[in-house]
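In terms of the numbering used here, the numbers along the sequence shown are unbroken and rise by one, the last being 973. Below is one structure, written out as structure tokens; the observations come after it.
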Amino acid sequence: MINGLEIFSGAGGLATGVGLSGISHNAFVEWNSDACKTLRMNYPASLIHETDIRDFDFSRYNCVDFIAGGPPCQPFSLGGKAQSHLDKRDMFPAAIRAIREVLPKVFMFENVKGLADPRNSKALEYILGRIRQAGYHAGTYLLNAYDYGVPQTRVRIYIVGFKEEKYHQRFHIPS
């Protein structure tokens, strides 16, 4: 089984889906206490770090193969204030710091489809550039959960990155 770390965990919905693919989250980083209560109930064997990710020390997780997370979406939401990467709630810098410090083999970030919207193109370009600077090869994928058997239309952008380019080249989203 692949060991993982989830950041911006919320109540663990992403971890549940990722777990179906054989990835086990050893630890979670989430600041919301109610979400952490749910994580503790659903993942009792995992470490739950109830803290602000901007203050989190990732040094003990340098053996993690996979990082997943859903940074807050408000800066990129079509219904938001349209501040994009200038919004103080933009947590992609913290997400990129996590991959830079942990150096996982693979990472996956999920966000609202608004991040793929033309008004956020500079923000997405900036995020992908910082990922390249961190030494990763990444692609973006706009997917609708409905197409994968979820009984609701929920379009999201996924940023999937690999430390080694050969794996990035081989990676394809299942149809």
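For glycine and all other residues, C-beta sits at the position ideal for the given N, C-alpha and C.
Where the alpha helix (DSSP H) containing Val862 begins and where it ends: Run containing Val862: none; DSSP gives neither H nor E here.
DSSP on Ala936, reduced to helix/strand/coil? In this structure, Ala936 counts as strand in the three-state DSSP scheme.
Count the C-beta pairs between the stretch 895–906 and the stretch 850–863 that are closer than 8 Å, then say yes if the count reaches three, no if not. The stretch 895–906 makes contact with the stretch 850–863; the number of CB pairs closer than 8 Å reaches 3 or more.
My guess is that Ser960 and Tyr934 are in contact by the Cβ rule of under 8 Å, so how many angstroms apart are they, rounded? Before going on, a small fix: residue 960 reads as Phe here, not Ser. Between Phe960 and Tyr934 a beta carbon distance of about 7 Å is seen, short of the 8 Å cut, so the two are scored as contacting.
In DSSP terms, what Asn801 is bridged to: Paired residues: Ser822.
Excluding five sequence neighbours on each side, which residues of the same chain lie with their C-beta closer than 6 Å to the C-beta of Tyr841? Once the five neighbours on either side are set aside, Tyr841 has no close Cβ partner at all.
Going by beta-carbon coordinates alone, are Ile957 and Tyr939 separated by less than 9 Å? Cβ distance < 9 Å, so Ile957 and Tyr939 count as in contact.
Based on the DSSP output, what are the partners of Ile897 in its beta bridges? None, per the DSSP bridge assignment.
Any idea if Met889 is buried or exposed, counting beta-carbon neighbours within 10 angstroms, 16 or more meaning buried? With 16 or more Cβ atoms within 10 Å of its Cβ, Met889 is classed as buried.
By the three-class DSSP mapping on this structure, what secondary structure does Tyr956 have? Tyr956 falls in the strand class under three-state DSSP.
Bridge-paired residues (DSSP) for Phe806: Phe806 has no beta-bridge partner at all, per DSSP.
Could you check whether Ile846 and Ile805 sit closer than 9 Å to each other, using their CB atoms as the reference points? Between Ile805 and Ile846, the CB-CB gap reaches or exceeds 9 Å.
Under 8 Å Cβ to Cβ from Ala914, same chain only, skipping five residues before and after it: list those, please. For Ala914, the CB contacts under 8 Å within the same chain, skipping 5 residues up- and downstream, are Leu922, Thr938, Leu940 and Ile955 in chain order.
One question on the structure: do Ala833 and Ala809 come within less than 9 Å of each other, judged by their Cβ atoms? In this structure, Ala809 lies closer than 9 Å to Ala833 by Cβ.
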